[in-house]
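Working notes, structure below.
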Amino acid sequence: MSGNTNPKVSGWRGVGRFEFSKAPSSRSSRLIQKVNRKPHLTTATTMDEEGIEKPSKRKRNAAIAKPKEQRQHSSKKQVVADIEDLFSDKETQKIRASLLEWYDHNQRDLPWRRITQTKETPFKEEEEEEEEEEERRAYGVWVSEVMLQQTRVQTVIDYYNRWMLKWPTLHHLAQASLEEVNEMWAGLGYYRRARFLLEGAKMIVAGGDGFPKIVSSLRKVPGIGDYTAGAIASIAFKEVVPVVDGNVIRVLARLKAISANPKDKVTVKKFWKLAAQLVDPHRPGDFNQSLMELGATLCTPVNPSCSSCPVSGQCRALTISKLDKLVLITDYPAKSIKLKQRHEFSAVCAVEITGRQDLIEGDQSSSVFLLVKRPDEGLLAGLWEFPSVMLGKEADMTRRRKEMNRFLKKSFRLDPQKTCSVLLREDIGEFIHIFTHIRLKVYVELLIVHLKGDMSDLFSKQSRENMTWKCVDREALSSLGLTSGVRKACTMVQKFKQKSLSTVSAAARKRTNSKKPGSS
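Per the working numbering, the sequence shown starts with residue 75, numbered consecutively.
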């Protein structure tokens, strides 16, 4: 489930019209005329939400989805036409009834859909109990919706259950630290979402007015955009408001035979109008969930199950595809153009500081790893990682070590000639880590050092002022909430040490034994 900056729905009553910059081909127009008395084509979009909901900057001209062969041979001058953009009353009533009936019998059993009817005492007023239940429901919906942004449902379930076990109410979450929240969130990605959840919880609790119940109030909470606000308000508080995410876009686009730029800002407004028209006034939350459920389970991007769809009778894309075999259901909505990923390169150094003066296996309780906290703003803000430097471009081992040496010496006074002895320094591999628009190549090395002085003398005054760091032992490192990228580096370090250091230790023991008196 995903989201985007969706314009607030207000003043949408009445039948509106808008225009294509290009009209559909005459053949497609005739097909659509057969389906309906009036052509009914609008534009579509997809959503992308990560904590803050925002629109894409890319725009393309709207056009009826036609197979590639048809588009190439359509050279006639096309006429701009007015297009009706709302459902008829009959369509609206039929879609509502069909979707709700289907949802009642086919909805997935997900933890955030379960309402726990727990009562602290048998003497509370019914109204107070209902309000508490609404707030618990709203909190659960909020957490789940934020987690579900850009993340699979099956992945979210375990994270959601652990989160609610640790912080069962908004007040519990408001008392947590950012580090605790990041540790719980580790592996879900888009960590800004977790930070906004915490900031929002603290803001609501500090305000003292309880959980916001309407969209306009929810929008004031950090990280809550129109989609998340609509989901919370409709599901938890039964406000009659729509939601529009990627699943809803796809369902509406196929119902109305809409094909256009899925990132167009104007198009987003049209879909919010359509969704607002459809939402059931008596069961807004259930209807919104049914629309999203349909897109997630049947009306999927690649292989839609039209034969099982409860609203196939109202689906214009399906009807058009039956009349013209060259038109596919999956032509709706149009595929968006993916932004080209930029390539970046990073050198990571897992620094292990040990009290031992050699690599012979033995007690490693004195060994600790150096971790650095990232800045509070930007990518992976506030998270812990091994010391790393950005390289600007692909670099060989000599340049990587030169850059890392400069960073370690400047920040931590790790200087082999003065402050430490290097017991081992080895490149142990590389991996690719994918962010939304970044393809990051990470080079990993292991550096094991023995300090010549005390730990307190190691770190410079400058590093204390400009950087947050800490040293953790192996056990703490394995249990610490780390990003998936840092965990990859940890795994590489562990595998290397298990495989290679045992060989080094065996050789060192052999040399030691050979020096003993009487050894052959």
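Ideal Cβ positions, reconstructed from N, Cα and C, are used throughout, including at glycine.
What is the rounded straight-line gap between the Cα of asparagine 362 and the Cα of glutamine 572?
-> Translated into the one-based positions of the sequence shown, residue 362 becomes position 288. Translated into the one-based positions of the sequence shown, residue 572 becomes position 498. For asparagine 362 and glutamine 572, the distance between alpha carbons rounds to 52 Å.
What is the DSSP secondary structure of valine 322, reduced to helix, strand or coil?
-> The residue you call residue 322 lines up with position 248 of the sequence shown. Assigned with DSSP and collapsed to three states, valine 322 falls in helix.
To the nearest angstrom, how far is it from the Cα of serine 441 to the Cα of serine 420?
-> In the sequence shown, the residue the question calls residue 441 occupies position 367. In the sequence shown, the residue the question calls residue 420 occupies position 346. Straight through space, the alpha carbons of serine 420 and serine 441 are spaced by roughly 25 Å.
Let me know the secondary structure DSSP gives tyrosine 517 once reduced to three states.
-> Position 443 of the sequence shown, counted from the start, is the residue given in the question as residue 517. Tyrosine 517 carries a strand assignment under DSSP once its states are collapsed to helix, strand and coil.
Kindly provide the ranges of any alpha helix (DSSP H) runs that are 4 or more residues long and lie completely inside the stretch 193 to 240, ordered along the chain.
-> Counting whole runs of 4 or more residues, the stretch 193 to 240 contains the alpha helix (DSSP H) stretches 200 to 222 and 227 to 240.
If you run the structure through DSSP and keep just helix, strand and coil, what is valine 560?
-> Against the sequence shown, residue 560 aligns to sequence position 486. Correct three-state label for valine 560: helix.
How do the stretch 494 to 510 and the stretch 443 to 452 stand: do at least 3 beta-carbon pairs fall below 8 Å, yes or no?
-> Counting C-beta pairs with one atom in each stretch, the stretch 494 to 510 and the stretch 443 to 452 have fewer than three that are closer than 8 Å, which means they do not touch.
Residues that DSSP places opposite leucine 444 in a beta bridge = On the sequence shown, residue 444 is found 370 positions in, with the first residue counted as 1. Partner(s): Cys545.
Run through the stretch 362 to 436 for me and flag every whole beta strand (DSSP E) of 3 or more residues, listed as ranges in chain order.
-> Counting only unbroken stretches of 3 or more residues, the beta strand (DSSP E) elements lying wholly within the stretch 362 to 436 are 416 to 428, in sequence order.
May I have the straight-line CA-CA distance separating lysine 467 from histidine 417, to the nearest angstrom?
-> To locate residue 467, count along the sequence shown from 1; it is residue 393. To locate residue 417, count along the sequence shown from 1; it is residue 343. The straight-line gap from Cα to Cα measures roughly 8 Å.
Sequence-distant residues of the same chain with beta carbon closer than 8 Å to valine 279, five excluded per side = Taking the sequence shown and counting its residues from 1, one reaches residue 279 at position 205. So the qualifying residues of the chain are Leu244, His245 and Ala248.
Burial state of glutamate 519, where buried means 16 or more other Cβ atoms lie within 10 Å | The residue given as residue 519 occupies position 445 in the sequence shown. With 16 or more other Cβ atoms within 10 Å, it is buried.
Report buried or exposed for leucine 400, applying the criterion of at least 16 other Cβ atoms within 10 angstroms of its Cβ.
-> Here the question's residue 400 lines up with position 326 in the sequence shown. Answer is exposed; the Cβ neighbour count stays below 16.
With burial defined as no fewer than 16 other Cβ atoms inside 10 Å of the residue's Cβ, what is the status of threonine 472: buried or exposed?
-> Locating residue 472 in the sequence shown gives position 398, counting from the first residue. Under this definition threonine 472 is an exposed residue.
Hey, would you say serine 395 sits closer than 8 Å to proline 358, going by beta carbons?
-> One-based indexing of the sequence shown puts residue 395 at position 321. One-based indexing of the sequence shown puts residue 358 at position 284. No, Cβ-Cβ distance for serine 395 and proline 358 is not below 8 Å.
For leucine 497, the three-state DSSP class (helix, strand or coil) | As a working mapping, residue 497 is identified with position 423 in the sequence shown. Three-state DSSP puts leucine 497 in a strand.
Along the chain, where does the beta strand (DSSP E) that runs through arginine 463 open and close?
-> Reading the sequence shown from its first residue, position 389 is the one you call residue 463. Checking the displayed sequence, the identity of residue 463 turns out to be valine instead of arginine. Judged by DSSP secondary structure, valine 463 falls within the beta strand (DSSP E) whose first and last residues are 462 to 464.
At which residues does the alpha helix (DSSP H) containing threonine 341 begin and terminate?
-> Locating residue 341 in the sequence shown gives position 267, where the first residue counts as 1. It spans 339 to 352 - the alpha helix (DSSP H) in which threonine 341 sits, taken as one unbroken run.
Measure the C-alpha to C-alpha separation of leucine 514 and phenylalanine 460 and round it to an integer number of angstroms.
-> Numbered from its first residue, the sequence shown carries residue 514 at position 440. Numbered from its first residue, the sequence shown carries residue 460 at position 386. The C-alpha of leucine 514 lies about 16 Å from the C-alpha of phenylalanine 460.
Going by CA-CA distance only, name the one from Glu504, Leu521 and Gly527 that's closest to lysine 562.
-> Here residue 562 corresponds to residue number 488 of the sequence shown, with the count starting at 1. For lysine 562, the closest of Glu504, Leu521 and Gly527 by C-alpha to C-alpha distance is Glu504.
Could you check the C-alpha separation between proline 113 and methionine 258 for me, to the nearest Å?
-> Position 39 of the sequence shown, counting from 1, holds the residue named residue 113. Position 184 of the sequence shown, counting from 1, holds the residue named residue 258. For proline 113, the predicted model reports a pLDDT of 36, less than 50, meaning its position is unreliable; a value from the coordinates is still stated below. Each residue's alpha carbon lies about 51 Å from the other.
Note down the Cα distance separating glutamate 253 from threonine 341, rounded to an integer number of angstroms.
-> Numbered from its first residue, the sequence shown carries residue 253 at position 179. Numbered from its first residue, the sequence shown carries residue 341 at position 267. Straight-line Cα distance between these residues: approximately 39 Å.
Could you tell me whether the stretch 281 to 301 touches the stretch 309 to 316, where touching means 3 or more Cβ pairs closer than 8 Å?
-> Of all C-beta pairs linking the stretch 281 to 301 to the stretch 309 to 316, three or more are shorter than 8 Å, placing the two stretches in contact.
Under the rule that 16 or more other beta-carbon atoms within 10 Å means buried, what is methionine 121, buried or exposed?
-> Counting from one through the sequence shown, the residue named residue 121 turns up at place 47. With a pLDDT of only 39 at methionine 121, under 50, the local geometry of the prediction cannot be trusted, and no value is derived from it.
Whole-angstrom C-beta distance between glycine 297 and leucine 271, which should lie under 8 Å | The sequence position of residue 271 within the sequence shown is 197, counting from 1. The sequence position of residue 297 within the sequence shown is 223, counting from 1. Contact between leucine 271 and glycine 297 holds: CB atoms are separated by about 7 Å, below the 8 Å threshold.
Could you tell me whether the stretch 331 to 347 touches the stretch 408 to 417, where touching means 3 or more Cβ pairs closer than 8 Å?
-> Segments in contact, yes.
Could you give the distance in angstroms between the alpha-carbon of glutamate 477 and the alpha-carbon of leucine 413?
-> Position 403 of the sequence shown, counted from the start, is the residue given in the question as residue 477. Position 339 of the sequence shown, counted from the start, is the residue given in the question as residue 413. Taking the straight line from one Cα to the other gives about 31 Å.
What's the call for asparagine 321, buried or exposed, on a 16-neighbour Cβ count within 10 Å?
-> Stepping through the sequence shown from its first residue, residue 321 is reached at position 247. Within 10 angstroms of the beta-carbon of asparagine 321 lie 16 or more other beta-carbons, which makes it buried.
Taking threonine 557 and leucine 454 to be in contact with their CB atoms under 8 Å, please state how far apart those CB atoms are, rounded to whole angstroms.
-> Position 483 of the sequence shown, counting from 1, holds the residue named residue 557. Position 380 of the sequence shown, counting from 1, holds the residue named residue 454. The Cβ separation is near 6 Å, so the contact holds.
Check phenylalanine 285 in the structure and name its three-state DSSP category.
-> Within the sequence shown, numbered from 1, the residue matching residue 285 stands at position 211. Under the three-state reduction of DSSP output, phenylalanine 285 falls in the coil class, being neither helix nor strand.
Proximity of serine 462 and valine 422 at Cβ, strictly below 8 Å | Working through the sequence shown from its first residue, we reach residue 462 at position 388. Working through the sequence shown from its first residue, we reach residue 422 at position 348. Closer than 8 Å, so yes.
Are leucine 368 and arginine 170 closer than 8 Å when you measure CB to CB?
-> Counting from 1 along the sequence shown, the entry for residue 368 is found at position 294. Counting from 1 along the sequence shown, the entry for residue 170 is found at position 96. Against a cut-off of 8 Å, the Cβ pair of arginine 170 and leucine 368 comes out as no contact.
Unbroken alpha helix (DSSP H) run spanning tyrosine 177, endpoints | Your numbering for residue 177 matches position 103 in the sequence shown. Start and end: 163 to 180.
Can you grab the Cα-Cα spacing for the pair arginine 226 / glycine 261, in whole Å?
-> Translated into positions along the sequence shown, residue 226 becomes position 152. Translated into positions along the sequence shown, residue 261 becomes position 187. Straight-line Cα distance between these residues: approximately 12 Å.
Thinking just about the alpha-carbon of each residue, which of Ser485, Leu372 and Ala331 is nearest to the one in cysteine 389?
-> Taking the sequence shown and counting its residues from 1, the one referred to as residue 389 is at position 315. Taking only the C-alpha atoms, the option nearest cysteine 389 is Ala331.
Close beta carbons around glycine 214, own chain, < 6 Å, minus the five adjacent residues each side | Position 140 of the sequence shown holds residue 214. Annotation for glycine 214: Trp186 place their beta carbon closer than 6 Å to its own, counting only its chain and skipping 5 residues before and after.
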